[in-house]
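Take the sequence shown: its position 261, counting from 1, is numbered 261 in UniProt numbering, and each next residue is one higher. A short write-up of the structure that comes next.
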Amino acid sequence: MNHHIQIEFTNYCQLSCVECPHRLMKREKKHMDDDVFHKILKDYIIPLKPTTIICHKDGEPFLHPKLFQFIEEIDKKIHTKFDIYTNGLLLRPWMNDVFSKLRSSVWILISFHFFDYTGKMVEYGKTMFNIEETIKNAPPNVEFVFVTHLTDFANRKVLEMWQDRMKLLIKKFPKLRDVHLNTAINPWAGLIEQKNCISFPSCPYLDGEHLFIGVAGDVIACCMDLEEEITFGNVMLEDCDHILMKRKNFYEALKKGFWKRPLCERCLTG
1 MNHHIQIEFT NYCQLSCVEC PHRLMKREKK HMDDDVFHKI LKDYIIPLKP TTIICHKDGE
61 PFLHPKLFQF IEEIDKKIHT KFDIYTNGLL LRPWMNDVFS KLRSSVWILI SFHFFDYTGK
121 MVEYGKTMFN IEETIKNAPP NVEFVFVTHL TDFANRKVLE MWQDRMKLLI KKFPKLRDVH
181 LNTAINPWAG LIEQKNCISF PSCPYLDGEH LFIGVAGDVI ACCMDLEEEI TFGNVMLEDC
241 DHILMKRKNF YEALKKGFWK RPLCERCLTG
């Protein structure tokens, strides 16, 4: 069983953040269409029964006009947990009406991106009202986490003050679980250069517990594969069992040290 299925419902995003490679993406930008979604639902989600559906890869999930419909359809078939990674700019209190009807739990993980790649600030002032109202009125099955990142444009003391201020909201709104300041920046296989970039001595997905599916239905090896360089097949074109076998063989080879793929070579340092 795959404990997590990570689905790229859309690869559109309204931001161009300094710590995110999305702005460099060359593949076609699109929303996942109905046929691809229903194929994933039928052949992967229902039989694999993942404990978590991660509604994000490259893109802002709330931009997909049918995201809530897709979530509702999944919820009718399996009891799971939805992790929605979002920049928070589109979060609205009315979304609680949708979430409250789900039997599954929902975690909304809001990543505050305060700078674009040019150093221009992203304005969150007006957005905070909607975020706080959504948290305040959240149903029992919904919880929130805040995070921001220490980029080269950011001042650590300022971010620590922001973190302290946001943590005060936890007392006011118990649905806010935690507020993180991430001081480790993912280099995204060499695409991002920041002072706080970390390195990966081994593949973080060797356990095989993450299944990644791109917006067009390609099953891929890694969330850091921006251009889908390593694919095991497309859900619309190949049998699920065949795709999963190729995926298993890939990770087994990685465990034995056979990772000579350009993407892996750019990512792994040990």
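A virtual CB, placed ideally from N, CA and C, is assigned to each residue, including glycine.
7 Å Cβ shell around residue i - same chain, five flanking residues per side excluded
i    : result
E228 : R27, G214, D218 and I220
V106 : F82, I84, F99, N141 and V142
P21  : W188, L191, I192 and L226
With 16 other Cβ atoms within 10 Å as the buried cut-off, status of residue i
i    : result
A154 : buried
S111 : buried
D33  : exposed
R247 : buried
Q125 : Here residue 125 turns out to be Gly, not Gln, going by the sequence shown. Exposed.
E60  : buried
Between the CA atoms of residue j and residue i - distance to the nearest angstrom
i           : j    : result
E8          : T148 : 21 Å
N11         : K29  : 6 Å
C240        : L91  : 34 Å
residue 275 : F115 : This structure cannot settle anything about residue 275, because the visible part of the chain is limited to 1 through 270.
K157        : R261 : 40 Å
residue 272 : L159 : Residue 272 is absent from the model: the chain starts at 1 and stops at 270.
L244        : N137 : 41 Å
H113        : L67  : 22 Å
H64         : F200 : 32 Å
Beta-carbon contacts of residue i that lie in its chain and below 6 Å, excluding the five residues immediately before and after
i    : result
A189 : M224, L263, R266 and C267
D178 : V145
T231 : D218 and I220
C203 : L254
Rounded distance between the beta-carbons of residue j and residue i, thought under 8 Å
i    : j   : result
S104 : T80 : 5 Å
I45  : I5  : 6 Å
Other residues of its chain near residue i: CB distance less than 8 Å, five sequence neighbours each side excluded
i    : result
M236 : D35, V36, K39 and G217
K101 : E72
G119 : V18 and F153
Pair every Cβ in the region 247-260 with every Cβ in the region 50-69, then say whether three or more of these pairs are closer than 8 Å. When C-beta atoms of the region 247-260 are compared with those of the region 50-69, fewer than three pairs fall below 8 Å, so the two segments do not count as touching.
Taking contact to mean 3 or more Cβ pairs, one atom from each stretch, closer than 8 Å, check whether the region 172-187 and the region 196-205 are in contact. Put simply, the region 172-187 touches the region 196-205. At least three CB pairs are less than 8 Å apart.
I want to know whether the region 168-180 touches the region 128-135 - three or more CB-CB distances under 8 Å. Touching, yes.
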